[in-house]
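Asks:
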Amino acid sequence: KRNGGLLMALLQISEPGASPEPHQKRLAVGIDLGTTNSLVATVRNSIAVVLNDEDGHPLLPSIVRYAGEDRVEVGYAAQLQQAKDPKNTIVSVKRYMGRGLKDVAYAENAPYDFVDAPGGVGMLQLRTRAGVKSPVEVSAAILRELRARAEATLFGKETGELYGAVITVPAYFDDAQRQATKDAAKLAGLNVMRLLNEPTAAAIAYGLDNGAEGIYAVFDLGGGTFDISILRLTKGVFEVLSTGGDS
């Protein structure tokens with residue numbers, strides 16, 4: 033939702049030795065994989081535009097329900113069954129990305145049947161009627177839905193695949209959480225061009241990358257966590273000095 037200004041510049045970056053084909057059409061998107069809701073956007077005429085679903089909804093509830101062995105519901109359909117089938121309806125999966133059971137103090141209040149990693153080392157998993165699922169697999173289902181929405185909107189009846197995606201993550205995400213996000217995107221068939229810190233994305237959307245310098249506080253009143261990040265901006269380069277938040 034806040035990455036549009038960066039995507040065009042990213043598309044101009046060529047890997048060493050690579051020679052893009054002339055007039056090759058490459059389409060990328062920005063994805064906000066949120067705790068409560070997610071969305072996908074792209075750039076049209078230098079303006080970031082959020083892509084709606086077929087019913088006109090810009091948001092996708094970050095909810096996945098395993099309705100059967102081979103049946104997965106994502107978004108509003110899953111949300112409708114949350115109260116009736118809480119054990120198989122996973123919400124706020126972002127909280128579990130890259131985390132072990134011992135790292136998640138609030139897990140004991142969740143309705144899920146958790147499976148701890150062997151020896152307590154590694155990412156927790158969740159037992160559902162479709163089998164044991166990792167937070168990466170659950171997040172991939174959300175990303176897969178966003179990818180399908182983007183391709184349906186951008187390509188229509190034509191056949192096409194996205195060139196890549198920029199995905200925002202909290203500034204406080206550690207290496208394990210960031211890697212889990214990349215793994216989920218790969219599982220969803222997305223090429224991750226970059227993970228972008230959420231406060232940096234907000235600062236870019238506000239235009240602070242256009243010559244502004246100084247120290248800024250960015251508040252993120254999100255659905256899962258209320259975060260604050262302190263950024264230093266020098267010559268168009270953002271440095272995250274400090275982060276805080278309460279999940």
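In terms of this note's numbering, the sequence shown is numbered consecutively and its last residue is 279. Yeah, the Cβ is synthetic: ideal placement off N, Cα and C, and Gly gets one too.
1) Expressed to the nearest angstrom, what Euclidean distance is found between the alpha-carbon atoms of Ile262 and Asn229?
2) Hey, is Gly239's beta-carbon within less than 8 Å of any beta-carbon in chain C?
3) Strictly by DSSP, which residues pair up with Asp252?
4) Name the one or two DSSP bridge partners that Gln157 has.
5) Just to confirm, is the Cβ distance from Gly196 to Glu183 under 8 Å?
6) Please name the residue, chosen from Ala60, Gly107, Gly243, Thr74, that lies closest to Thr67 on a Cα-to-Cα basis.
7) What does the Cβ neighbour count give for Ser94, buried or exposed, with the cut at 16 atoms within 10 Å?
8) In terms of DSSP beta bridges, what is Gly196 paired with?
9) Take Ala41 and list the residues in its own chain whose beta-carbon comes closer than 6 Å to its own, dropping the five residues that flank it on each side.
10) Who does Lys119 pair with in a DSSP beta bridge?
11) Let me confirm a value: Arg58 is counted as buried when at least 16 other C-beta atoms fall within 10 Å, else exposed. Which label applies?
12) Quick check on DSSP: helix, strand or coil for Asp102?
13) Helix, strand or coil: which one does DSSP assign to Ser171?
14) If you draw a straight line from the alpha carbon of Gly152 to that of Asp135, how long is it in whole angstroms?
15) My assumption, with CB atoms under 8 Å, is that Ala60 sits in contact with Leu178. Please give the rounded CB distance.
16) How many angstroms separate the CA atom of Gly243 from the CA atom of Pro143?
17) Expressed to the nearest angstrom, what Euclidean distance is found between the alpha-carbon atoms of Leu219 and Ala172?
18) Give the DSSP-derived three-state secondary structure of Glu245 in the structure shown.
19) Report the CB separation of Gly246 from Leu265 in whole angstroms; it is logged as a contact under 8 Å.
20) For the alpha helix (DSSP H) containing Leu219, name the first residue and the last one.
21) Under 7 Å Cβ to Cβ from Arg181, same chain only, skipping five residues before and after it: list those, please.
22) Buried or exposed: where does Lys33 fall if 16 or more other Cβ atoms within 10 Å of its Cβ makes it buried?
23) Reducing DSSP to helix, strand and coil, say where Pro202 ends up.
24) To the nearest whole angstrom, what separates the beta carbons of Asp209 and Gly130, a pair I think is in contact under 8 Å?
25) Where does Lys33 fall in DSSP's three states?
26) Out of Gly255, Val269, Leu158, Ala80, which one is the CA nearest neighbour of Arg97?
Replies: Taking the geometry as given:
1) 12 Å
2) Judged by its chain identifiers, the structure shown contains no chain C, having just a single protein chain.
3) Asp259
4) Val147
5) no
6) Gly107
7) buried
8) Ala60
9) At Ala41, the pLDDT of 46 sits below 50, so the modelled position is not reliable and the matter cannot be decided from this model.
10) Its beta-bridge partners do not exist; DSSP assigns none.
11) exposed
12) coil
13) helix
14) 10 Å
15) Wrong, their Cβ atoms sit about 13 Å apart, outside the cutoff.
16) 48 Å
17) 6 Å
18) coil
19) 6 Å
20) 207-219
21) Val72, Leu83, Asp85
22) Low local confidence applies: a pLDDT of 39 at Lys33 is under 50, so the model's placement there is unreliable, with the coordinate-based value given in what follows. It counts as buried.
23) coil
24) The residue you asked about is not Asp; residue 209 is Gln in the sequence shown. Contact flag correct, Cβ pair sits at about 4 Å.
25) Low per-residue confidence applies at Lys33: pLDDT is 39, beneath 50, and the placement is therefore not dependable enough to give any value.
26) Leu158
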